Structures are given as C-alpha cells and as structure tokens.
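Q:
Residue numbers (the UniProt record's numbering): 1 to 94.
This is the structure in structure tokens:
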C-alpha cells in the first residue's frame, strides 16, 4: 500500500480502493481569498478520522479547514450565498 500526502493541502491519498481516499490528515492554516473558492464539503468520522471542512479552489486545490473557525464559517456562508443566488435566480417578466 502506498500513501502520499499533499504538503499544501494536508490531504492524504492511497492507491488501494477502500483506503483513506481523499481524507484530510491535518488542518491547514492557509486562508485564501473567498473569491478563489469554488465549493466545500464536510468530512466526518468514521469515513475519515478527522472532522474538517474541505474547500476546493477554482484551480482544483483542496484546503482542509477547521470547523467552527471564523474564516471557515464566513467562507462557507459566502459560498452558500453565492450558490443560493446562482441556483435561485428568477427572471421577472417586464
């Protein structure tokens, strides 16, 4: 079994199906501008041993953030608002 970890994001991956997959192994201190974030999802035990919020940037990088931290929560709210307005845009007849 071969395991590697991306030093930038702290995400570990393995080449064996059913392994740890794309789980965050540690929390990153990197805080990018919200405009560069594309999406996020939560990872929870037992699928992954660490509870983290995983942000994906517009360039496909993944950042493991601590749940409950100010930057994490405001970034989630930013993306939720951005996605809400994009999905619920209603064209009004004139």
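Note that CB positions come from ideal geometry on N, CA and C, so glycine has one too. Owing to the predicted nature of the structure, the values given are computational and were not obtained by experimental measurement.
Ends of the beta strand (DSSP E) at residue 62?
A: For the purposes of this step, residue 62 is taken as residue 62 along the chain shown, with counting starting at 1. Run containing residue 62: 62-65, per the beta strand (DSSP E) assignment.
Q: Using only alpha-carbon positions, find the residue among 71, 26, 35 and 62 that is nearest to residue 83.
A: Translated into the one-based positions of the chain shown, residue 83 becomes position 83. Residue 83 has its Cα closest to that of 35, out of 71, 26, 35 and 62.
Q: Residue 45 to residue 56, Cα distance in whole Å?
A: Taking the chain shown and counting its residues from 1, one reaches residue 45 at position 45. Taking the chain shown and counting its residues from 1, one reaches residue 56 at position 56. So the alpha carbons of these two residues sit roughly 20 Å apart.
Q: For residue 80, does the count of other Cβ atoms within 10 angstroms reach 16, so buried, or fall short, so exposed?
A: Here residue 80 corresponds to residue number 80 of the chain shown, with the count starting at 1. Exposed, since its Cβ has fewer than 16 Cβ neighbours within 10 Å.
Q: Report the three-state DSSP secondary structure of residue 40 (helix, strand or coil).
A: By one-based count along the chain shown, residue 40 stands at place 40. DSSP places residue 40 in strand when its eight states are reduced to three.
Q: Have a look at the DSSP bridge pairing and note the partners of residue 57.
A: Start at 1 with the first residue of the chain shown, and residue 57 comes out as number 57. In the DSSP output, where bridge partners are listed per residue, residue 57 has 37.
Q: Just how far apart, CA to CA, sit residue 48 and residue 67?
A: By one-based count along the chain shown, residue 48 stands at place 48. By one-based count along the chain shown, residue 67 stands at place 67. Approximately 14 Å between the Cα atoms of the pair.
Q: Return the CA-CA distance between residue 43 and residue 24, expressed in angstroms with no decimal places.
A: Here residue 43 corresponds to residue number 43 of the chain shown, with the count starting at 1. Here residue 24 corresponds to residue number 24 of the chain shown, with the count starting at 1. Their backbone Cα atoms lie some 8 Å apart in a straight line.
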